[in-house]
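Enquirer: Questions regarding the structure given below will be posed in turn.
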Amino acid sequence: MEDYLKNGEDVALPPGGFEEATLTCTTQDRVFIKKRYGFVRLCLKYGVAIRPVYVFGEGRLFGNVQGMWKTRLALNRWGIPTILVWGSWFFPLLPKKGVNLHIVVGKPLIVPKIDNPTKEEVIAWHEKYITELKRIYEEYKEVAYGNEDGKVAKLEVW
């Protein structure tokens, strides 16, 4: 990935990883981002803008067993995905039908180029990323889910 960034190419990276897949829930929107600093550090190192993106409805495509978070997230750290998903009743490996996806792209965070960003600089820009992610979620949740569901929708940030 660094080779692409060095060459000035765009990179799309879903920072949630196994953990975000593990936390997927059909009734609650969740992102696993609190401890994901590496992408911010790379963007600062190469002076690449960070553009938050949120996909409404993604968690509704498949059901996923819930609970036992500490154990499951610990196994994820060892590279073991701990998801048990099901989708369509006819063929459970396919996503559920009738789920609308709404992709929202936030405002770019124009970051400075810092060859060796400090921990404090990384944390500060990471917080700005989370703030923008929450902003686009709040702004577009009623558009994505409709007025009734959108009013009660909340984004859990893990």
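For the sequence shown, the working numbering begins at 0 and goes up steadily by one. Each residue gets a CB set at the ideal place from its N, CA and C atoms; glycine is no exception. Since the model is a prediction, treat every value here as computed from it, not as a measurement.
1) Span of the alpha helix (DSSP H) holding Tyr45?
2) What are the boundary residues of the alpha helix (DSSP H) that includes Ile122?
3) Taking Arg76 as part of the alpha helix (DSSP H), name the residues at either end of that continuous run.
4) How long is the line joining the alpha carbons of Leu22 and Thr70, rounded to whole angstroms?
5) Which value, in whole angstroms, describes the spacing of the CA atoms of Pro13 and Lys133?
6) Is the number of C-beta pairs between the segment 23-33 and the segment 55-69 that are closer than 8 Å three or more?
7) For Trp68, count the other beta carbons within 10 Å of its own beta carbon; 16 or more makes it buried, fewer makes it exposed. Which is it?
8) Helix, strand or coil for Asp2? Go by DSSP, reduced to three states.
9) On a CA-only basis, which of Glu137, Glu8, Gly7 is nearest Asp148? Give me that one, please.
10) Whole angstroms is fine: what's the gap from Asn115's alpha carbon to Lys44's?
Expert: Taking the structure as given:
1) Looking at the DSSP string, the run of the alpha helix (DSSP H) that includes Tyr45 is 37-45.
2) Run containing Ile122: 118-151, per the alpha helix (DSSP H) assignment.
3) For Arg76, the enclosing alpha helix (DSSP H) begins and ends at 68-76.
4) One Cα belongs to Leu22, the other to Thr70, and the distance between them is close to 12 Å.
5) In a straight line, the C-alpha of Pro13 is about 16 Å away from that of Lys133.
6) Short answer: they touch.
7) So Trp68 counts as exposed.
8) Correct three-state label for Asp2: helix.
9) Cα-wise, what sits closest to Asp148 is Glu137.
10) Going by the C-alpha atoms only, they are around 6 Å apart.
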